[in-house]
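Peer 1: For the sequence shown, position 109 matches number 197 in this note's numbering, and the numbering has no gaps at all.
Where is the CB? At the ideal position from N, CA and C, for every residue including glycine.
It should be emphasised that the depicted structure is a prediction, and the values quoted were computed from it without experimental measurement.
I have a structure here, written as structure tokens, and I will follow up with some questions on it.
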Amino acid sequence: MFENSLNAFPDHLRESVLCALLHNVADRLNIEPRPIRLHVVDTSSWLAFTRLQGVPTVYISPTVSIGVIAHEIAHCLVPTRWLFFAEGIATHIGCSITGHCREMLFLEKTPEAVVQRYWDFSFEQFSALLSATLDRPSAFDGGKFITFEGRLAHMIAAAFVQYSLRSIEDFVSRLLETDIPTPEEFLEQSFGMSLNQIHALWYAYLRERRGMTSSPHIASSEYPTK
Ligand SMILES: [Zn+2]
Numbered sequence: 089m090f091e092n093s094l095n096a097f098p099d100h101l102r103e104s105v106l107c108a109l110l111h112n113v114a115d116r117l118n119i120e121p122r123p124i125r126l127h128v129v130d131t132s133s134w135l136a137f138t139r140l141q142g143v144p145t146v147y148i149s150p151t152v153s154i155g156v157i158a159h160e161i162a163h164c165l166v167p168t169r170w171l172f173f174a175e176g177i178a179t180h181i182g183c184s185i186t187g188h189c190r191e192m193l194f195l196e197k198t199p200e201a202v203v204q205r206y207w208d209f210s211f212e213q214f215s216a217l218l219s220a221t222l223d224r225p226s227a228f229d230g231g232k233f234i235t236f237e238g239r240l241a242h243m244i245a246a247a248f249v250q251y252s253l254r255s256i257e258d259f260v261s262r263l264l265e266t267d268i269p270t271p272e273e274f275l276e277q278s279f280g281m282s283l284n285q286i287h288a289l290w291y292a293y294l295r296e297r298r299g300m301t302s303s304p305h306i307a308s309s310e311y312p313t314k
């Protein structure tokens, strides 16, 4: 059902499809759904963005895929100015609901498979992406979205979010409630170890999952279904 765009559904079914999608996204993040607004804008051009002021509101054109709508719903449910987590959660949701990463122009089925194939696991890059916020230029900037750097940054963040959700069941609730000032300290407290150790453990986890292959081409793995 979540493979299509809204256009694939008759008018009278759209509301229930969107409602099911909202609950599905909240369930995957292990949080309660909350009211959001969704405006379908009657335009022939592609449109998908979210405003978080007041009641969070998603604006979409009817041609965008359900995966993209799910991405925007995730932004509404987890409003954080820490872009690594905001984009990581939204991208993880979009890929896991559709079972592919084609919206991000990758042929791999999961963000994990993308980072295993295209990233060198530089700690410096991980650390730089983690500290990205709206008021500073970063690889998450809207203008970089179509570049390889921007798309890979989204995949790195999504793969890390998936790892965090596996490691810490209430990861997203903690993120929503935290008053810790920086994403680095938030992670160190949540995982109970230093950022270096978190990065090293994540790397070890992904190496193990790809079967310790030395080949640069890593087969994509299945997304866990929930
Ligand atoms: Zn986004």
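So which residues put a beta carbon under 6 Å from any heavy atom of ligand 1, going in chain order?
Peer 2: My final list is H159, H163, E175 and A178.
Peer 1: Give the list of continuous beta strand (DSSP E) stretches no shorter than 3 residues that lie fully inside the region 97-142.
Peer 2: Complete beta strand (DSSP E) runs here, min 3: 125-128 and 136-139.
Peer 1: V146 lies in the beta strand (DSSP E); which residues open and close that run?
Peer 2: First-last of the beta strand (DSSP E) with V146: T145 to I148.
Peer 1: Enumerate in chain order the residues of its own chain whose CB-to-CB distance from K232 is below 7 Å, with the five nearest sequence positions on each side excluded.
Peer 2: Closer than 7 Å at Cβ, skipping near neighbours: G238.
Peer 1: So what's A207 in DSSP terms, helix, strand or just coil?
Peer 2: Inspection of the sequence shows that residue 207 is occupied by Trp rather than by Ala. Coil at W207, not helix or strand.
Peer 1: Here's the rule: buried if 16 or more other CB atoms are within 10 angstroms of the residue's CB, otherwise exposed. What is T313?
Peer 2: In this prediction, T313 scores a pLDDT of 40, lower than 50, which makes its location untrustworthy; the coordinate-derived value is nonetheless stated afterwards. Exposed, because fewer than 16 other Cβ atoms sit within 10 Å of the Cβ of T313.
Peer 1: So, helix, strand or coil for S261, using DSSP?
Peer 2: S261: helix per DSSP, three-state reduction.
Peer 1: For L110 and F209, I'd like the C-alpha separation in whole angstroms.
Peer 2: Going from the Cα of L110 to the Cα of F209 covers about 33 Å.
Peer 1: For the alpha helix (DSSP H) that contains I161, what are its first and last residues?
Peer 2: Here the alpha helix (DSSP H) through I161 covers I154 to L165.
Peer 1: Between the beta-carbon of E175 and the beta-carbon of A136, is there less than 8 Å?
Peer 2: Their beta carbons are not under 8 Å apart, which means E175 does not touch A136 by this criterion.
Peer 1: What is the DSSP secondary structure of T221, reduced to helix, strand or coil?
Peer 2: If DSSP states are grouped into helix, strand and coil, T221 belongs with the strands.
Peer 1: Mind checking A247: buried by the 16 CB within 10 Å criterion, or exposed?
Peer 2: Buried.
Peer 1: Consult DSSP for S226 and reduce its assignment to one of helix, strand or coil.
Peer 2: If DSSP states are grouped into helix, strand and coil, S226 belongs with coil.
Peer 1: Pick helix, strand or coil for P312, following the three-state DSSP scheme.
Peer 2: Low confidence applies here, because P312 scores a pLDDT of 45, under 50, leaving its location unreliable; read the following figure in that light. Reduced to three states, the DSSP call for P312 is coil.
Peer 1: Taking the beta carbon of G230 as the centre, do at least 16 other beta carbons fall within 10 Å, making it buried, or is it exposed?
Peer 2: By the neighbour-count rule (16 or more Cβ atoms within 10 Å), G230 is not buried but exposed.
Peer 1: The alpha helix (DSSP H) that contains G238, what's its start and end?
Peer 2: Counting along the chain, the alpha helix (DSSP H) containing G238 begins and ends at F236 to S255.
Peer 1: Within this structure, are the beta carbons of V249 and H163 separated by less than 8 Å?
Peer 2: No, Cβ-Cβ distance for V249 and H163 is not below 8 Å.
Peer 1: Distance, Cα to Cα, I177 vs V260?
Peer 2: Looking at the two C-alpha atoms, the distance is approximately 9 Å.
Peer 1: Determine whether the beta carbon atoms of G187 and K197 lie at a separation below 8 Å.
Peer 2: Yes.
Peer 1: Considering only the alpha carbon of each residue, which of N95, S149 and N92 lies closest to V129?
Peer 2: Closest by alpha carbon: S149.
Peer 1: Leaving out the 5 sequence neighbours to the left and right, which residues in its chain are closer than 6 Å to H226 when beta-carbon positions are compared?
Peer 2: Reading the sequence as shown, one finds Ser at residue 226 and not His. Here the set comprises A220.
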